[in-house]
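Chemist:
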Amino acid sequence: MFGYCAENRQIFPNPNSECLFQGVLAVSHTCSPEMLFEAYSFGIFPWPQQEGEVLWFCPDERGVLFFDKLHIPQRLRRSLKSKTWSFTVNQAFDQVIDECAKIPRKHESGTWITSELLDAYKAFHKMGYAHSVECWQEGRLVGGIYGVSVGGVFSGESMFFKETDASKACFLHLIEKLRENGVEWLDIQMVTPITESFGGESISRNDFLKLVAETQKKSISLTF
């Protein structure tokens, strides 16, 4: 476990820098739990472009979902009522991230979750910072989502489904768990059609970093 300190930035430059090019803060050829911890502590996240190269982002516009603005589409409400799924938390993290890694990127070959990131996030999970929500149907993993929690800020990373709406159900289950812990919002990094349908929106990097700092001061300790 790392000791959280909002002033202890040793690896990455200041994310408030006005000199970022398309939100890229740094480039590395490695990814470690130590790097992940500092990055998420300061609103930074990794996005590998290929094996051996990791770009670290703090984009000009950041996707967030405030839970008081959460919207659940009626079609999804009807769909979920008909399901008999069960959910767990942190019971199959490795399986969830492995499934997420199989999802190809649009218009590109491969996935953004490289083998190096898989190892780093799995180690991060064992340290208690990366978490997953799993959806099961008759003992079979049919959906999941994983993300990172540092300093009371939860950042959603990726999700997958093998049954229609299973990943969305996991997303809602995650929000329910976060609310139980006093969390009021979720870092979704980028607004996608799915997260926008739930009420996701974009805010400026400056506003996002202020939100992170305000949340960190509340000293929220997540328990799953």
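Position 36, counted from 1, in the sequence shown is what the numbering used here calls 51; the numbers after and before it change by one each time, with no gaps. Backbone N, C-alpha and C fix where the C-beta goes; we use that ideal spot for every residue, glycine too. Source: prediction; values computed, not measured.
Quick check on HIS44: does DSSP put it in helix, strand or coil?
Modeler: Position 29 of the sequence shown, counting from 1, holds the residue named residue 44. Coil at HIS44, not helix or strand.
Chemist: What are the boundary residues of the alpha helix (DSSP H) that ASP134 is part of?
Modeler: Start at 1 with the first residue of the sequence shown, and residue 134 comes out as number 119. First-last of the alpha helix (DSSP H) with ASP134: 130 to 141.
Chemist: Of the choices PHE36, PHE176, TRP62 and ASN105, whose alpha-carbon is the least far from that of THR238?
Modeler: In the sequence shown, the residue the question calls residue 238 occupies position 223. Among PHE36, PHE176, TRP62 and ASN105, the Cα nearest to that of THR238 belongs to ASN105.
Chemist: Where does GLY125 fall in DSSP's three states?
Modeler: Within the sequence shown, numbered from 1, the residue matching residue 125 stands at position 110. Note that GLY125 scores a pLDDT of 44, beneath 50, so its modelled location is shaky and nothing firm can be said.
Chemist: Ignore the nearest five residues each way along the sequence and tell me which others in SER124's own chain have a CB closer than 8 Å to its CB.
Modeler: Here residue 124 corresponds to residue number 109 of the sequence shown, with the count starting at 1. Because SER124 carries a pLDDT of 41, less than 50, the predicted location of this residue cannot be relied on, and no value is offered for it.
Chemist: Excluding the 5 residues flanking THR248 on each side, which residues of the same chain have their C-beta closer than 6 Å to its C-beta?
Modeler: There is no way to answer for residue 248, as the model of the chain reaches only from 16 to 239.
Chemist: Taking ALA228 as part of the alpha helix (DSSP H), name the residues at either end of that continuous run.
Modeler: Numbered from its first residue, the sequence shown carries residue 228 at position 213. Boundaries of the alpha helix (DSSP H) around ALA228: 220 to 232.
Chemist: Evaluate HIS86 with the Cβ neighbour count: other Cβ atoms within 10 Å of its Cβ, from every protein chain shown; 16 or more gives buried, anything less gives exposed.
Modeler: Your numbering for residue 86 matches position 71 in the sequence shown. Exposed: under 16 other Cβ atoms inside 10 Å.
Chemist: Relative to the alpha-carbon of SER182, which residue among GLN89, MET142 and TYR161 has its alpha-carbon at the smallest distance?
Modeler: Start at 1 with the first residue of the sequence shown, and residue 182 comes out as number 167. Among GLN89, MET142 and TYR161, the Cα nearest to that of SER182 is on TYR161.
Chemist: Give me whichever residues DSSP pairs with GLU199 in a beta bridge.
Modeler: Position 184 of the sequence shown, counted from the first residue, corresponds to residue 199. Answer is none; GLU199 lacks a bridge partner.
Chemist: Contact between the segment 177 to 197 and the segment 146 to 165 is defined here as three or more beta-carbon pairs at a separation below 8 Å; is this criterion met?
Modeler: yes
Chemist: Any idea what DSSP makes of PRO208, helix, strand or coil?
Modeler: Sequence index remark: in the sequence shown, residue 208 carries index 193 (1-based). Helix.
Chemist: Alpha carbon to alpha carbon, how far is ILE112 from GLY78? Give it in angstroms, no decimals.
Modeler: Translated into the one-based positions of the sequence shown, residue 78 becomes position 63. Translated into the one-based positions of the sequence shown, residue 112 becomes position 97. Near 21 Å, if we compare the C-alpha coordinates of ILE112 and GLY78.
Chemist: With the cut-off set at 9 Å, would you say SER94 and THR179 are in Cβ contact?
Modeler: Here residue 94 refers to the residue found at position 79 when the sequence shown is read from its first residue. Here residue 179 refers to the residue found at position 164 when the sequence shown is read from its first residue. In this structure, THR179 lies closer than 9 Å to SER94 by Cβ.
Chemist: Can you have a look at PRO74 and say buried or exposed, based on whether 16 or more other CB atoms are within 10 angstroms of its CB?
Modeler: Numbered from its first residue, the sequence shown carries residue 74 at position 59. PRO74 is buried by the Cβ-count criterion.
Chemist: Could you pull out every residue in the same chain whose Cβ sits closer than 7 Å to the Cβ of PRO48, ignoring the five residues on either side in sequence?
Modeler: Position 33 of the sequence shown, counted from the first residue, corresponds to residue 48. If you ignore the 5 residues before and after PRO48, its C-beta comes within less than 7 Å of the C-beta of ALA135, ALA138, PHE139 and MET142, all in its own chain and listed in chain order.
Chemist: What's the C-alpha gap between SER217 and PHE81?
Modeler: Locating residue 217 in the sequence shown gives position 202, counting from the first residue. Locating residue 81 in the sequence shown gives position 66, counting from the first residue. Answer to the nearest angstrom: the Cα atoms are 11 Å apart.
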